[in-house]
Structure formats: structure tokens, C-alpha cells
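Engineer: Protein chains in written order, with the numbering used here: chain R, 12 to 128; chain V, 267 to 411.
Pasting a structure here, questions to come.
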Amino acid sequence: MITSKTFQAKNNRIISGKTTSMKGDFSVDLTYTDVFVGRTNVNYSIQILGANILVTYSMFVNDGFWDPDVIGEHFLQKPGNQYLPDGMGPNLEFSGGHPYPFIPVVGTETVPNPGYH
Amino acid sequence: MKTLKIISILIVIVGALYYQLDKRLFYFGRNDFSIYNLLPLNIKPEYRPSFEGGFALKDNYGLTIAAKGNPHPVDNKTVLIDRVLRYGFDDNNLTAIVTDGKRNKYYVKFVQDQKDKSVIKAKMETLGFNLIQDFIDHCVNQVQP
């Protein structure tokens, strides 16, 4: 995840002081970089520690092995029906499937403060 | 030969219709092709299911600027966005109406940073009548996700 080009590009924006918000999220598509299908979510938060900033990343948050019925999701989804993605819920699961949430991985880095206040 | 011509014309027509539909869905963050830059400041809407935080507005680099959990200063406190209710835009500006966890409504205006034009600055205020009027007057196009 952290060596992917997408993650590095976002990290560069964050540590160079170019974010709109001190806390937020982004997604990283790992389909072509790892044994993984689709995008996953990363939360970030920036904490000012005097002349430095502490950036905390929580990776694989609000994500899991769930809702595999992508055809149903794409073509049959309507507000309130059973093809609406619901994470751990019963929607978009195949018979006998056991959805599970990913365990988030937390990482931090401390860099000089580029101008956050 | 005639069949081939008809099939080719049909493919072009269906492709054009699909493109037009996908372009409209961009405003709700539900487009399939990531080829549009239809909003000022290159802001991109993104549809997400509620368990992933719901609808979000992102900058050109994919970082959220208005989404569940984004903090923005209001007066002397920091307010965490809970939900983006609607947004509006004209040629140069984009504003959004958001709520916090207590369902208080706020008005967020996004502007380009004067020093670094790739950076978007947000100015968030408690929503009052004058700001509702401002939203109606300046946001020619309005979108309710």
C-alpha cells in the first residue's frame, strides 16, 4: 500500500502542506499493484507538534471482504433495495458467503511542518 | 454489408448516449469514466455508501475537502462535517451546505489559494438567511446528492 504511486502522491500533498483539511480520507486502487480487487480507503490526520507535524494514516478502514455481487450492484441497484451496498449486511452477498471487515493498519510519520497552523 | 452499417451506427448512437448519461452522473459522483473536469477548481464529487461515510467532494488529487469527518474552523471552534446536503457552483466558485453531528447546517465556500493555485482553501460559516440567499444567487447550478 504505502509503496504504491497513488499513496505516495497523496502523502506528498499532505507533507508539503497542500491539503484543504487537517483530517480526511482518500482511496487507493490496489488492483494492479497487489493481490487485491478494487479500491480501499485510507484516513489521514495531521497533528502539529511545534516545528514538526505528525501524520497518522489508518489504512483499509471502512472496508472488508463483502458485497462481491458487483453485477447486481452495478445494474440492479435502486434506493432501498437488496442491491444497495451495505458492508457486513446481507445485501450483495452470495449464498454461503461470510463477509468480514479488514483490520485497519495504522502508520505514522513525523516531518517538518510545511506551514500548517 | 448493410447489417454491418446498421450495427456500426447503433454502436455510435448507444456510445454517445452512454457518454452523455455518464457525464450527467458525474455531478452525483456515480460516473464510470474518470475523464470529466466539470466543476470549478477541478473538484470531483464521489458517491459512497453510507457505511463508508456517504457522498464526498474531493480535490483534484483525491483528498476529501467536504466529507464525513473533515474538520473546518468555524468562528473559534472546529466543526466536523457529518454530511454534505447539497452543493452549487457557477463558473468560478463552488459552495456546499453541510451538517455536523448535531444537524446544525453550515455553508462552506471553496476558493483557490492565491500562493499555490493547486491548493483549495475552505471557508466555513454557520448557515444564516444571508448565506442561503448568497447560495441561491451565486450557485446557478445546484446538485442534491
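No residue lacks a Cβ here, since even glycine has one placed at the ideal position from N, Cα and C.
Just so we're clear, the structure is a prediction, and the values are computed from it rather than from any experiment.
#1: What's the C-alpha gap between N92/R and W77/R?
#2: Report the option in K324/V, L291/V, D356/V whose CA atom is closest to the CA atom of D403/V.
#3: Who are the Cβ neighbours of Y302/V in its own chain at under 7 Å, not counting the five residues just before and after it?
#4: Out of curiosity, what's the CA-to-CA distance linking T31/R and L393/V?
#5: With 8 Å as the threshold, decide whether the Cβ of H338/V is near any Cβ in chain R.
#6: For the stretch 41 to 49 of chain R against the stretch 316 to 332 of chain V, are there 3 or more C-beta pairs whose distance is under 8 Å?
#7: Taking 8 Å as the threshold (beta carbon to beta carbon), is F294/V in contact with chain R?
#8: Checking 8 Å against the spacing of the C-beta atoms, do D341/V and D366/V come in under that value?
#9: Less than 8 Å between the beta carbons of P337/V and V350/V, yes or no?
#10: Please look up how many angstroms separate the CB atoms of V374/V and V385/V, rounded, as I've assumed it's under 8 Å.
#11: Between the Cα of L65/R and those of K21/R, I57/R, G75/R, spot the shortest distance and give me the residue it belongs to.
#12: Output yes or no for whether 8 Å exceeds the beta carbon distance between L307/V and F401/V.
#13: Hey, is D431/V's beta-carbon within less than 8 Å of any beta-carbon in chain R?
#14: Under 8 Å: do the stretch 68 to 83 of chain R and the stretch 92 to 108 of chain R share three or more Cβ pairs, one atom per stretch?
#15: So what does Y353/V bridge to, in DSSP terms?
#16: Can you tell me where the beta strand (DSSP E) with S274/V in it begins and where it stops?
#17: Consult DSSP for E84/R and reduce its assignment to one of helix, strand or coil.
#18: Below 7 Å on C-beta distance, what does E391/V contact in chain R?
#19: Using only the alpha-carbon positions, how far apart do Y55/R and N358/V sit?
#20: Alpha carbons only, please: which of P101/R, M12/R, I82/R is nearest the one belonging to Y68/R?
Structural biologist: With the structure as the only source:
#1: Here residue 92/R corresponds to residue number 81 of the first sequence, with the count starting at 1. Here residue 77/R corresponds to residue number 66 of the first sequence, with the count starting at 1. Cα atoms of N92/R and W77/R: separation of roughly 17 Å, rounded to the nearest angstrom.
#2: Against the second sequence, residue 403/V aligns to sequence position 137. The residue with the shortest Cα to Cα distance from D403/V is D356/V.
#3: Position 36 of the second sequence, counted from the start, is the residue given in the question as residue 302/V. Hits under 7 Å: K289, F292.
#4: For the purposes of this step, residue 31/R is identified with residue 20 of the first sequence, where counting begins at 1. For the purposes of this step, residue 393/V is identified with residue 127 of the second sequence, where counting begins at 1. So the alpha carbons of these two residues sit roughly 20 Å apart.
#5: The count along the second sequence starts at 1 and reaches residue 338/V at position 72. For H338/V, the answer is yes, since a Cβ of chain R falls inside 8 Å of its Cβ.
#6: By the Cβ rule, the stretch 41 to 49 of chain R does not count as touching the stretch 316 to 332 of chain V, because fewer than three pairs are nearer than 8 Å.
#7: If you number the second sequence from 1, residue 294/V lands on position 28. In terms of beta-carbon proximity, F294/V stays away from the interface with chain R, with every pair separated by 8 Å or more.
#8: What you label residue 341/V is simply residue 75 of the second sequence in a count that begins at 1. What you label residue 366/V is simply residue 100 of the second sequence in a count that begins at 1. Contact flag unset, no.
#9: In the second sequence, the residue the question calls residue 337/V occupies position 71. In the second sequence, the residue the question calls residue 350/V occupies position 84. No, they are not a contact pair.
#10: As a position in the second sequence, residue 374/V is number 108, starting the count at 1. As a position in the second sequence, residue 385/V is number 119, starting the count at 1. Contact check for V374/V and V385/V: beta-carbon distance about 16 Å, past the 8 Å limit, so the pair fails to qualify.
#11: Position 54 of the first sequence, counted from the start, is the residue given in the question as residue 65/R. Of K21/R, I57/R, G75/R, the residue nearest in Cα terms is I57/R.
#12: Counting from 1 along the second sequence, the entry for residue 307/V is found at position 41. Counting from 1 along the second sequence, the entry for residue 401/V is found at position 135. With contacts defined as CB atoms closer than 8 Å, L307/V and F401/V fail to qualify as a contacting pair.
#13: Residue coverage of chain V in this structure runs from 267 to 411, which leaves residue 431/V outside it and unanswerable.
#14: Under the Cβ criterion (8 Å, minimum of three pairs), the stretch 68 to 83 of chain R counts as touching the stretch 92 to 108 of chain R.
#15: Residue mapping note: residue 353/V aligns to position 87 of the second sequence, counting from 1. According to DSSP, Y353/V shares a beta bridge with A362/V, V409/V.
#16: Sequence index remark: in the second sequence, residue 274/V carries index 8 (1-based). Per DSSP, S274/V belongs to no beta strand (DSSP E); it is in the alpha helix (DSSP H), 268 to 291.
#17: In the first sequence, the residue the question calls residue 84/R occupies position 73. If DSSP states are grouped into helix, strand and coil, E84/R belongs with the helices.
#18: By one-based count along the second sequence, residue 391/V stands at place 125. Residues of chain R with a Cβ closer than 7 Å to the Cβ of E391/V do not exist, since the nearest Cβ in that chain sits about 16 Å away.
#19: Taking the first residue of the first sequence as 1, we reach residue 55/R at position 44. Taking the first residue of the second sequence as 1, we reach residue 358/V at position 92. Approximately 29 Å between the Cα atoms of the pair.
#20: Taking the first residue of the first sequence as 1, we reach residue 68/R at position 57. Among P101/R, M12/R, I82/R, the Cα nearest to that of Y68/R is on M12/R.
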